[in-house]
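Numbering (UniProt numbering), first residue to last: 1 to 201.
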């Protein structure tokens with residue numbers, strides 16, 4: 001998959017919630033707790049160990065872990081009030097999961113691919129509703145993720161060398177940050193129209 005398409009898909013995934021109507025805004029939001037329950041119902045038990053690891057230990061060991069654990073970390077941090085750290089690890093997890101899906105052959109679309117899409121919808125909705133009110137911070141965090149990924153060894157074994165796919169997905173993430181900067185005013189206008197707060201001028 002070309003990096004341009006990756007960037008476009010990332011923008012769609014990250015910004016999709018800004019187009020919802022006021023009726024959708026008014027409905028009950030999926031809570032962090034129910035999202036974790038959704039994970040429990042969807043993923044294997046071995047994938048949920050990250051829910052019970054002490055938070056500091058989970059964050060310290062995250063680069064050794066499977067991509068799903070990044071999403072668990074993000075939700076736990078968000079629930080703890082560490083919303084910008086949660087944003088960072090959500091996008092770090094999205095990046096590394098995209099690497100795995102683009103590199104490893106034989107991943108069933110109705111299995112791990114479906115779980116990835118579901119987690120992006122569930123966790124992304126929670127994270128982006130918050131960070132979208134701070135577009136400058138949003139794009140900076142995404143660039144910080146790309147920089148971190150380049151310098152932090154990914155010690156989770158994909159079973160093959162995914163360096164090329166990693167570089168490609170990292171460029172896609174940087175493209176997402178650029179798109180947020182270019183569309184800053186439109187994003188803020190859309191949030192205002194849909195009753196979502198903007199915290200930057």
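Cβ coordinates follow ideal geometry from the N, Cα and C atoms, glycine included.
Everything numeric in this text was worked out from a predicted model, so none of it was measured.
Run of the alpha helix (DSSP H) containing residue i, from where it starts to where it stops
{"i": "residue 82", "result": "Neither: residue 82 is in no alpha helix (DSSP H) and is coded neither H nor E."}
{"i": "residue 179", "result": "163–182"}
{"i": "residue 128", "result": "112–131"}
{"i": "residue 150", "result": "135–151"}
{"i": "residue 56", "result": "55–60"}
Beta-carbon spacing of residue i, residue j below 8 Å
{"i": "residue 119", "j": "residue 146", "result": "no"}
{"i": "residue 117", "j": "residue 165", "result": "no"}
{"i": "residue 156", "j": "residue 123", "result": "no"}
{"i": "residue 177", "j": "residue 129", "result": "no"}
{"i": "residue 148", "j": "residue 180", "result": "no"}
{"i": "residue 53", "j": "residue 87", "result": "no"}
Between the CA atoms of residue j and residue i - distance to the nearest angstrom
{"i": "residue 133", "j": "residue 188", "result": "7 Å"}
{"i": "residue 70", "j": "residue 92", "result": "7 Å"}
{"i": "residue 104", "j": "residue 78", "result": "30 Å"}
{"i": "residue 84", "j": "residue 167", "result": "24 Å"}
{"i": "residue 182", "j": "residue 191", "result": "16 Å"}
{"i": "residue 186", "j": "residue 201", "result": "13 Å"}
{"i": "residue 49", "j": "residue 97", "result": "18 Å"}
{"i": "residue 100", "j": "residue 112", "result": "10 Å"}
{"i": "residue 67", "j": "residue 196", "result": "29 Å"}
{"i": "residue 57", "j": "residue 80", "result": "15 Å"}
{"i": "residue 213", "j": "residue 170", "result": "Because the chain is modelled from 1 through 201, residue 213 falls outside the range shown and cannot be assessed."}
{"i": "residue 42", "j": "residue 110", "result": "Confidence in residue 42 is poor, its pLDDT being 49 and thus under 50, which makes the residue's placement unreliable; the coordinate value appears in the next sentence. Approximately 12 Å between the Cα atoms of the pair."}
{"i": "residue 194", "j": "residue 114", "result": "28 Å"}
{"i": "residue 162", "j": "residue 121", "result": "25 Å"}
{"i": "residue 51", "j": "residue 82", "result": "16 Å"}
{"i": "residue 199", "j": "residue 131", "result": "10 Å"}
{"i": "residue 125", "j": "residue 65", "result": "23 Å"}
{"i": "residue 18", "j": "residue 108", "result": "Since pLDDT at residue 18 reaches only 34, below the 50 mark, its modelled position is unreliable, and no value is offered."}
Given residue i as reference, the closest of the options once Cα atoms are compared
{"i": "residue 158", "options": "53, 110, 63", "result": "63"}
{"i": "residue 94", "options": "105, 192, 72", "result": "72"}
{"i": "residue 55", "options": "66, 67, 192, 75", "result": "75"}
{"i": "residue 136", "options": "163, 184, 153, 160", "result": "184"}
{"i": "residue 60", "options": "175, 140, 154", "result": "154"}
{"i": "residue 141", "options": "175, 163, 162, 109", "result": "175"}
{"i": "residue 106", "options": "51, 194, 160", "result": "160"}
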